[in-house]
Amino acid sequence: MSKQGVVPDSFSQPFWDAASEQRLVIQNCRACDRLQHPPAEACSQCGAGDSLEWKPVSGRGTIYNYGVVHDCPVRLLQEDQPFNLAVIMLDDDPGIQMYSHLPGTPVDDVPVGAAVEVIFEPTANGQLVPEWRVIGD
Amino acid sequence: MTTPTAPDAMYRNDEGLGIWEHRGKVAAVGVGHAPTARRWDGRAETCVGALSIQALRRAVDDAGVAPDQIDGLVVVPSTTTGSFWEEGKPLPLDVIRSFRQTQDPLDGIAKLSAEWLLQNMPELTNVRFTMYGPGCMSNALNVAAQAVGDGLTHTCLVVKSWHNFEGRYYQGGDNAGETLPGTAAITRLWGGPASYGTALQFAEYCRKYGKSHEMMAPFMENSRRNGLLFPEGYWAQHRPEELGPEDYLASRWIAKPANLFDNDIPIMMSGAYLFTTAERAKDMRQKPVYILNHASSNTRPRSLVPTLDEVEADTARSARKIYEGAGITADDLSFENMYDGFSLFHQFHLEGLGYRGIRFGEALDFYQTDISIEGPNPVSPSGGNVGGGRSRVWMHTDCIQQLQGRAGARQVTGVRPEVAVSGGPMPLAGNFTVWSASPD
Ligand SMILES: [Zn+2]
Numbered sequence: 002m003s004k005q006g007v008v009p010d011s012f013s014q015p016f017w018d019a020a021s022e023q024r025l026v027i028q029n030c031r032a033c034d035r036l037q038h039p040p041a042e043a044c045s046q047c048g049a050g051d052s053l054e055w056k057p058v059s060g061r062g063t064i065y066n067y068g069v070v071h072d073c074p075v076r077l078l079q080e081d082q083p084f085n086l087a088v089i090m091l092d093d094d095p096g097i098q099m100y101s102h103l104p105g106t107p108v109d110d111v112p113v114g115a116a117v118e119v120i121f122e123p124t125a126n127g128q129l130v131p132e133w134r135v136i137g138d
Numbered sequence: 039m040t041t042p043t044a045p046d047a048m049y050r051n052d053e054g055l056g057i058w059e060h061r062g063k064v065a066a067v068g069v070g071h072a073p074t075a076r077r078w079d080g081r082a083e084t085c086v087g088a089l090s091i092q093a094l095r096r097a098v099d100d101a102g103v104a105p106d107q108i109d110g111l112v113v114v115p116s117t118t119t120g121s122f123w124e125e126g127k128p129l130p131l132d133v134i135r136s137f138r139q140t141q142d143p144l145d146g147i148a149k150l151s152a153e154w155l156l157q158n159m160p161e162l163t164n165v166r167f168t169m170y171g172p173g174c175m176s177n178a179l180n181v182a183a184q185a186v187g188d189g190l191t192h193t194c195l196v197v198k199s200w201h202n203f204e205g206r207y208y209q210g211g212d213n214a215g216e217t218l219p220g221t222a223a224i225t226r227l228w229g230g231p232a233s234y235g236t237a238l239q240f241a242e243y244c245r246k247y248g249k250s251h252e253m254m255a256p257f258m259e260n261s262r263r264n265g266l267l268f269p270e271g272y273w274a275q276h277r278p279e280e281l282g283p284e285d286y287l288a289s290r291w292i293a294k295p296a297n298l299f300d301n302d303i304p305i306m307m308s309g310a311y312l313f314t315t316a317e318r319a320k321d322m323r324q325k326p327v328y329i330l331n332h333a334s335s336n337t338r339p340r341s342l343v344p345t346l347d348e349v350e351a352d353t354a355r356s357a358r359k360i361y362e363g364a365g366i367t368a369d370d371l372s373f374e375n376m377y378d379g380f381s382l383f384h385q386f387h388l389e390g391l392g393y394r395g396i397r398f399g400e401a402l403d404f405y406q407t408d409i410s411i412e413g414p415n416p417v418s419p420s421g422g423n424v425g426g427g428r429s430r431v432w433m434h435t436d437c438i439q440q441l442q443g444r445a446g447a448r449q450v451t452g453v454r455p456e457v458a459v460s461g462g463p464m465p466l467a468g469n470f471t472v473w474s475a476s477p478d
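Listed in order, the protein sequences are those of chains U and E.
Using the working numbering, the first residue of the first sequence is number 2, and each one after it goes up by one.
Using the working numbering, the first residue of the second sequence is number 39, and each one after it goes up by one.
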């Protein structure tokens, strides 16, 4: 699927730089030893902004849940409708979710609970983005 | 006059606050609605500001109050249904010039300020208190109730309005572009529609409890039926069509398992209420409806989409706050008007409340029983957004009208209308009001 291109901004630059090197990093509060996603300017637990870092994670997870998008508000994705839109729980912390189109998984035939691994896919402007693939496919 | 946004302290967010200090001392005495429309037709008389003026004037008339008695105004400043005035699109100067303007030329067209309303409602000569309750009518009601209770205003109007322009909603702006800024891209590259999160929660709910989307059909049919008995609503005014199981289940998917009808239809509308003290309400035209409590939740999910566990924990927590401050239990509810836009989360609110004793996972079975306005267990007698279009207002209007005994053809007959609850929007976070026919 062709996702919109990405223009990294200063806040998100480390996330996208890591993706370009095919590494997945997630924001982490050193004070709380707690991951958070989506990333924010401050830790949602302790409120600190200066204890946040981008932490490498394993790139392993499971499919927590999914829906099938038939009417997408994003124009570039409309030609691929209907498509899977799953939520992945990270093995590093199952409270942390990431979206996935589950490349390779048939539409509406999604193995909820299955193990997945991160892959990196180019978007419309070439920026690599983390995606997820069912392990064993 | 500059209008402040309501401080957090005005909302009752915490458990353990005890009975609301103004329980039964604030009353709703007037209701006003402007006619609905699917989209703005570009005329001055139908812009969102004009609709708001109309709704406010009707609320004042309904209460039988002289405009110069009104000393407060609480406004929801955002009016968008997800549609925005496209950047670079010429301004509708003829419309703009039909009104007294504020600094923003789109005030009254794509947003609503208290200043715009006061400038264009010259009869409101004594408004000394203005405040924004951002979000939904549910927020604004909490703010107005607290403000009247605290004595910041004695006779206070509350208004929420919606504009809807041409074009498919949420499809403009960044969504139409070739790129996204990096921070937004981290969550938005995947293109989930607005109902996607609710669809996910519903999917998890069905898996966990062995339920199905088909089981929603009686709720949808009941809600549309009630909505068609709501003369102020969109479907009653423009498309008096019932929504039987075949039509509901045959409709196209938006984000499966959410279909077209599970997504409320965006409309132009305005709704307004007049609140005052219980003391002053006694000699007004309408029977007062007393506010026993207001409660809020500002819970945020841990990550992208609230999980079913997070939803259930928060609806239960909200219910405890609702009941605690009102000094009631679930047994005291004559009916419920919790939010339904999206339809697939109404059951979360019901289960959190423990309405009629239902527990987590039981609401869809409950939908297969008599949930009509004639029965002993009315569900969403307003018809909600499913029955009236996207306003997040019908639920409140219906509570007031039912408890006043003037809900017309929609009047509940299987229960005595004494105490009701309304509010939302989402099951995680929300603002709720407990209404009562009696102040005690
Ligand atoms: Zn922290």
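Just so you know, even glycine gets a beta-carbon here, dropped at the ideal spot from N, CA and C.
> Of the residues U:Q79, U:V8, U:V88 and U:P107, which one's Cα is nearest the Cα of U:H38?
Replying inline: U:V88
>> By alpha-carbon positions, which one of U:R134, U:G60, U:L129 and U:V108 ends up nearest to E:S217?
In response: The amino acid occupying residue 217 of chain E in the given sequence is Thr; Ser does not appear at that position. Taking only the C-alpha atoms, the option nearest E:T217 is U:L129.
> Per DSSP, E:L94 is paired with what?
Replying inline: In DSSP, E:L94 forms no bridge with anything.
>> Would E:A316 and E:A93 qualify as a contact pair, given that the criterion is a beta-carbon distance under 8 Å?
In response: no
> Using the beta-carbon count (16 or more within 10 Å), is E:M307 buried or exposed?
Replying inline: buried
>> Against chain E, with Cβ distances strictly below 8 Å, would U:T63 count as a contact?
In response: no
> Roughly how many angstroms lie between the CA atoms of E:I305 and U:L25, to the nearest whole one?
Replying inline: 42 Å
> So, E:F257 versus E:S334, is the Cβ gap smaller than 8 Å?
Replying inline: no
> Expressed to the nearest angstrom, what Euclidean distance is found between the alpha-carbon atoms of E:T10 and E:T236?
Replying inline: Outside the modelled stretch of chain E, which goes from 39 to 478, sits residue 10 of chain E, for which no answer is possible.
> Which first and last residues belong to the beta strand (DSSP E) in which E:C244 is found?
Replying inline: Note, E:C244: premise wrong, no beta strand (DSSP E); alpha helix (DSSP H) at Y234 to Y247.
>> Tell me the rounded alpha-carbon separation between E:S418 and E:S261.
In response: 7 Å
>> Taking the alpha helix (DSSP H) that E:E284 belongs to, which residues open and close that run?
In response: P283 to A288
> In chain order, which beta strand (DSSP E) runs of at least 3 residues are fully inside the region 101-171 of chain E?
Replying inline: 110-113 and 167-170
> How is the alpha helix (DSSP H) around U:W133 delimited, first residue to last?
Replying inline: Note, U:W133: premise wrong, no alpha helix (DSSP H); beta strand (DSSP E) at L129 to V135.
> Would the beta-carbon of U:S52 be found less than 7 Å away from any heavy atom of ligand 1?
Replying inline: yes
>> Starting from E:P219, trace the beta strand (DSSP E) in both directions and tell me its first and last residue.
In response: T217 to P219
>> Considering only heavy atoms of ligand 1 and the C-beta of each residue, which residues fall inside 5 Å, strictly closer?
In response: U:C30, U:A32, U:C33, U:C44, U:Q46 and U:C47
> Quick one: which chain U residues come within Cβ less than 7 Å of E:P487?
Replying inline: The structure shown does not extend to residue 487 of chain E, since chain E spans only 39 to 478, so no value can be given for it.
>> Quick check on the burial criterion: 16 or more other C-beta atoms within 10 angstroms. Buried or exposed for E:G504?
In response: Coverage of chain E is limited to positions 39 through 478, which leaves residue 504 of chain E absent and any answer about it impossible.
> By how many angstroms is the C-alpha of E:R61 removed from the C-alpha of E:N336?
Replying inline: 22 Å
> So, does the CB of U:A19 fall closer than 8 Å to a CB anywhere in chain E?
Replying inline: no
> What are the start and end residues of the alpha helix (DSSP H) that includes E:M433?
Replying inline: W432 to Q442
> What is the DSSP secondary structure of U:K4, reduced to helix, strand or coil?
Replying inline: coil
> Looking only at its own chain, which residues have a Cβ that is under 7 Å from the Cβ of E:L342, when we skip the five neighbours before and after it?
Replying inline: T225
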